[in-house]
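Peer 1: Below: one structure in structure tokens.
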Amino acid sequence: MKIKEGYMPFHGYKTYYRIVGEPSKDKAPLLLIHGGPGSSHNYFELLDDYAKTGRQLIMYDQVGCGKSSLPEDESVYVKETWAEELVALRKYLHLDEIHMLGQSWGGMLEMLYLTKYDQKGIKSVMIDGSPASIKLWTKEQHRLISYLSYEDRSAIAEAERTGNFTGPKYLAANDRYMERYCWDDPDENSPEPLRRETNGKRASLIAEGPNEFTENGTISDFEVTDDLKKIHVPVLVTNGTDDLCTPLIAKSVYDHIPGAKWHLFANSRHLALLDQHDEFVDVLDHWLAAND
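Under full-length UniProt numbering, the first residue of the sequence shown carries the number 1, and numbering increases by one thereafter.
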């Protein structure tokens, strides 16, 4: 398969993009929007083989992540920057008609884009493991924490009370929480793309905060639930049964988007693309084919 890499100038910085496969007359390309903020396109390389179906894939690293520029200016790390970057990327790559798949923060970015910016040329959207409300997200994270051991619950509570998120007991507890609801720390047996650095720790700390349940960064006020009724393109909401994005969070998105559909991956955490790869690709393929 042909793979093209490049950089888009953006606000004095550079945005890395990666295109897999050739354009098709029958199948609109799929734009993949990674999570975080602070992750990268890396895990979307697990979809490279899907381009063999004739569907071109386009993935990119948001500014502050991956191979894109890593600005020192903290004011860059806000939701508006990443929304404007998405607008610019569509224009730069002439993505007039596309499908979009956003995972975690990527799905939040899709919701922001569709309610505040533009819906023209969007053939369909997949919102994968994403909240419309950070307030609901943090509430649900604390419910998930309640299923951890007493020791881990205590370590997390103490870290939240003191604001010290560097202690060994907290770090071990947070690792176990992430392994249970997100994904395992990459090791030598993990797919190669997951072992690569995302270069987004700074972006994550500024935009999100120290972890998934504190959320005191620049996106801590994210709330688009009441605006979801403005979305008039086909939407598929997905999440896993053991996901940071709980069924309640996913349902709150599904309930507010007219005509939306919902698929629950019965044995997945926050990345069904990894935990249930074949089912994820099958669901994605049927969704895109139905909306070409």
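Beta carbons are placed, not taken as given, at the ideal position from N, Cα and C, and that holds for glycine. Everything numeric in this text was worked out from a predicted model, so none of it was measured.
1. Please classify Lys229 as buried or exposed, where buried requires at least 16 neighbouring CB atoms within 10 angstroms.
2. Out of His277, Glu84 and Arg90, point me to the one whose CA is closest to Leu112's CA.
3. Between His34, Lys79, Thr15 and Gln56, which has its C-alpha nearest Asp26's C-alpha?
4. Residue range of the beta strand (DSSP E) that Leu264 falls in?
5. Quick one: which unbroken alpha helix (DSSP H) runs of 4-plus residues sit fully inside the segment 23-106? Chain order, please.
6. With 16 as the cutoff for other CB atoms within 10 Å, does Val253 come out buried or exposed?
7. What separation, rounded to the nearest whole angstrom, lies between the Cα atoms of Lys120 and Pro193?
8. Going by alpha carbons, who is nearest to Trp82 out of Arg18, Met126 and Gly35?
9. If you drop the 5 nearest sequence neighbours on each side, which residues of the same chain put their C-beta closer than 8 Å to that of Thr214?
10. Considering only their Cβ atoms, is the gap separating Val235 from Ile127 smaller than 8 Å?
11. Please name the residue in Pro29, Ser104 and Asp175 whose C-alpha comes closest to that of Ser124.
12. Are the segment 136-155 and the segment 165-178 touching by the rule of at least three beta carbon pairs closer than 8 Å?
13. In the DSSP output, which residue or residues are listed as bridge partners for Asn239?
14. Going by DSSP in three states, Arg196 sits in which element: helix, strand or coil?
15. Go to Met8, then tell me how far its beta strand (DSSP E) extends in each direction, as first and last residue.
16. Based on the DSSP output, what are the partners of Lys14 in its beta bridges?
17. Express the C-alpha separation of Gly106 and Lys52 in angstroms, rounding to a whole number.
18. Counting only the same chain and skipping the five closest in sequence on each side, list residues whose C-beta sits under 7 Å from that of Glu212.
19. Between which two residues does the alpha helix (DSSP H) containing Val224 stretch?
20. According to DSSP, simplified to helix, strand and coil, what is Ile231?
21. Considering only residues of the segment 103-188, which uninterrupted beta strand (DSSP E) runs meet the minimum length of 3 residues and lie entirely inside it, listed in chain order?
22. Just curious, the alpha helix (DSSP H) that Phe280 is in, first and last residue?
23. Starting from Ile19, follow its DSSP beta bridges and name the residues at the other end.
24. On the criterion of 16 or more Cβ atoms from any shown chain inside 10 Å, does Asp61 qualify as buried, or is it exposed?
25. What's the call for Ser40, buried or exposed, on a 16-neighbour Cβ count within 10 Å?
26. For Ala207, does the count of other Cβ atoms within 10 angstroms reach 16, so buried, or fall short, so exposed?
27. With 16 other CB atoms within 10 Å as the buried threshold, where does Asn174 fall?
28. Please confirm whether Pro71 and Tyr13 have their CB atoms less than 8 Å apart.
29. Can you tell me where the alpha helix (DSSP H) holding Arg202 begins and where it ends?
30. Give me, in chain order, the residues of the same chain whose beta-carbon lies closer than 8 Å to that of Thr115; leave out the 5 immediate sequence neighbours on both sides.
31. Distance, Cα to Cα, Pro210 vs Ser220?
Peer 2: This is what the structure gives:
1. exposed
2. Glu84
3. Gln56
4. Lys261 to Phe265
5. 79-92
6. buried
7. 32 Å
8. Gly35
9. Thr138, Glu160 and Phe165
10. yes
11. Pro29
12. yes
13. Leu264
14. coil
15. Ile3 to Phe10
16. Pro9
17. 24 Å
18. Gln141 and Leu244
19. Counting along the chain, Val224 falls outside any alpha helix (DSSP H), and DSSP gives it neither H nor E.
20. coil
21. 122-128
22. His277 to Asn291
23. Lys4 and Ile58
24. buried
25. buried
26. buried
27. buried
28. yes
29. Lys201 to Ala207
30. Val224, Asp227, Leu228, Lys230 and Ile231
31. 12 Å
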